[in-house]
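Visitor: This is the structure, below, for whatever I ask next.
Chains as they are written, first to last, in this note's numbering: chain P, 382 to 733; chain V, 5 to 313.
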């Protein structure tokens, strides 16, 4: 301990007493340890989960090969027959075949719909909240916005099943279907209202509060000086938002959108309820029943556990691994995008 | 006990001020309050009128303020300003911190309207047109009255865009000529050589002085008739300051410049006229020479010699 303190004091000035040095040293160490642990745990958790998923998925990867990515049927085979097939050294129940293409497509399409509809609405509502709404009303509206984020997803799902789905199928989709003449995948049949578009819409509502509240916080922190510069130049408030505020927080908005996108990818209950559960075929139009990776894992896990060979669980783990890879890939993509944009416009490097 | 009485007196005086109408230069109440550190200084009517006359004689008035009062919520910052800013001249607004210089400046291009509670009375005329009443499009007022801020505030766009934005928004040149015009503006402020190879890069990589020159170029690009400067060199090094000052002097030939500065030397170096503000009132306004050589008011003299402020 003494040597540690000596290092801190300047040579030749050892006469300066360091009071309560003992406590300082211990606290310092504890804090450093906590900091280190805090820094390591998230990384370690991600790596651990990835490793466990990979190990669990290994039998399925060996059994299915690349076919897992492009086959369209998901079949556990006959659990009750004692006959098994063996492929690449992996045992499987007779008739087992796993193709995850429909659920991969379903995951991507529902999330894309949610993203395309949700992010503009979220950014727009954040802009209006910050730029145009007077402060008292802003607080009230923000409260409701955040309340939206607090609704449990299963409640969204129930509402989608009972209210939104039937309403859309009865009143909105038939009108939309007339556009089918121009845009093929908008055409009929519209089905029961449980399917791709309904799931996408529910997901959009779910990601709006995340993206909007983050964007609102970012926008309210844009420094006043450049914005006044825009106004003083005679630009309209819209121009000042578009040319100053939005570019200023662009990377933050991308980050918030990716949070929303991640939520849409991984959302389980609501999608399971309103997606129509179409895990074994590709969607025919925008109203088709679909399923997503997360929803399929939940829906099938129970029966998968009765597979005596264990391959069914392994296949679900592989699906989970793919979901994780999709999330990872979009995160990396977003980072690259932010880096490209920041280098030209954001205040990085020398300031004033 | 003595202290309490003093405070009470002060309070009651303040109360009186609030109630009084805009004090004219010859207002007796102004004299009565002389001596107290917190009260506005006396304004000798004859001197005041003389200086106004002096400013009138020497040029065309570009911006004219008549009985301008500004308050934010309940708090009145400017208590009736009468002043004129002459075309093709530099007028420096000086005065101690909190005297209302910046508020006055930001009232001239209606920038204070962004601040909640802002309220203005009196007239602010640009070429005889009241910019608060006679104007349909405030954006055009802000184009005609440009502003350079305390610290550089480039937009988060490329260097070229920083200038092109204003050119396009106000249709200064046809679209096809925007690029050439950007080059012309950057050349005019002496920045072209330094940035010609990085027009598409961020302005935040430039030095503070270069950023301020870019902001000046951005302001000049939309052809302003008046330029407002809010301590434009306070964050710059001496060399950049020198450059900005030289530019301002050169710009006089085509614009009227109103400059807030804390730097009395700067005011002496480049301004033609000086308006000395104290506690929201104009104490003295005259040519720079006259103010520095022959300040007629003791408060002005105290400020200029560093005994106050």
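Even glycine gets a Cβ: it sits at the ideal position worked out from N, Cα and C.
1) Under 7 Å, do residue 718 (chain P) and residue 534 (chain P) count as touching if we go by C-beta distance?
2) Going by CA-CA distance only, name the one from V:274, V:133, V:156, V:304 that's closest to residue 261 (chain V).
3) Could you pull out every residue in the same chain whose Cβ sits closer than 6 Å to the Cβ of residue 217 (chain V), ignoring the five residues on either side in sequence?
4) Distance, Cα to Cα, residue 1 (chain V) vs residue 123 (chain V)?
5) Find the nearest neighbour of residue 87 (chain V) within the set V:289, V:311, V:310, judged by alpha-carbon distance.
6) Starting from residue 683 (chain P) and walking both ways along the alpha helix (DSSP H), at which residues does that stretch end?
7) Could you tell me the boundaries of the alpha helix (DSSP H) in which residue 81 (chain V) lies?
8) Who are the Cβ neighbours of residue 154 (chain V) in its own chain at under 6 Å, not counting the five residues just before and after it?
9) The alpha helix (DSSP H) with residue 75 (chain V) in it runs from where to where?
10) One question on the structure: do residue 655 (chain P) and residue 596 (chain P) come within less than 7 Å of each other, judged by their Cβ atoms?
11) Between the alpha carbons of residue 667 (chain P) and residue 542 (chain P), how many angstroms are there, rounded?
12) How do the region 689-706 of chain P and the region 552-571 of chain P stand: do at least 3 beta-carbon pairs fall below 8 Å, yes or no?
13) Give the residues of chain V in contact with residue 629 (chain P), contact being defined as C-beta atoms less than 7 Å apart.
14) How big is the Cα-Cα spacing for residue 171 (chain V) and residue 258 (chain V)?
15) Would you list, in chain order, the members of the region 69-86 of chain V that have their beta-carbon closer than 7 Å to a beta-carbon of chain P?
16) By how many angstroms is the C-alpha of residue 224 (chain V) removed from the C-alpha of residue 169 (chain V)?
17) Quick one: grab the DSSP three-state call for residue 208 (chain V).
18) Once DSSP output is grouped into helix, strand and coil, what is the label at residue 446 (chain P)?
19) Opposite residue 280 (chain V) in the DSSP bridges: which residues?
20) Between the alpha carbons of residue 663 (chain P) and residue 623 (chain P), how many angstroms are there, rounded?
21) Jot down the residue ranges of each uninterrupted beta strand (DSSP E) in the region 125-183 of chain V, minimum 3 residues, whole runs only, in chain order.
22) Quick one: Cα of residue 25 (chain V) to Cα of residue 82 (chain V), how far?
23) Round the Cβ separation of residue 615 (chain P) and residue 143 (chain V) to the nearest angstrom and send it over; I've been treating them as touching at under 8 Å.
24) Tell me which residues share the same chain as residue 637 (chain P) and place their Cβ nearer than 6 Å to its Cβ, disregarding the 5 neighbours each side in the sequence.
25) Alpha carbon to alpha carbon, how far is residue 661 (chain P) from residue 487 (chain P)?
26) Is it buried or exposed for residue 464 (chain P), if we count other Cβ within 10 angstroms and need 16 for buried?
Guide: Walking through what the data contain:
1) no
2) V:274
3) 193, 195
4) There is simply no residue 1 (chain V) to check, as chain V begins at 5 and stops at 313 in what is shown.
5) V:289
6) 674-685
7) Taken as a continuous stretch (DSSP letters only), residue 81 (chain V) belongs to no alpha helix (DSSP H), being part of the beta strand (DSSP E) at 79-90.
8) 234, 235, 238
9) No alpha helix (DSSP H) holds residue 75 (chain V); the beta strand (DSSP E) holding it covers 65-76.
10) no
11) 17 Å
12) no
13) 160
14) 18 Å
15) none
16) 12 Å
17) helix
18) coil
19) V:98, V:288
20) 40 Å
21) 149-152
22) Caution applies to residue 25 (chain V), whose pLDDT of 37 falls short of 50 and renders its modelled position unreliable; the value that the coordinates give is listed next. Looking at the two C-alpha atoms, the distance is approximately 13 Å.
23) 4 Å
24) 592, 595, 596
25) 11 Å
26) exposed
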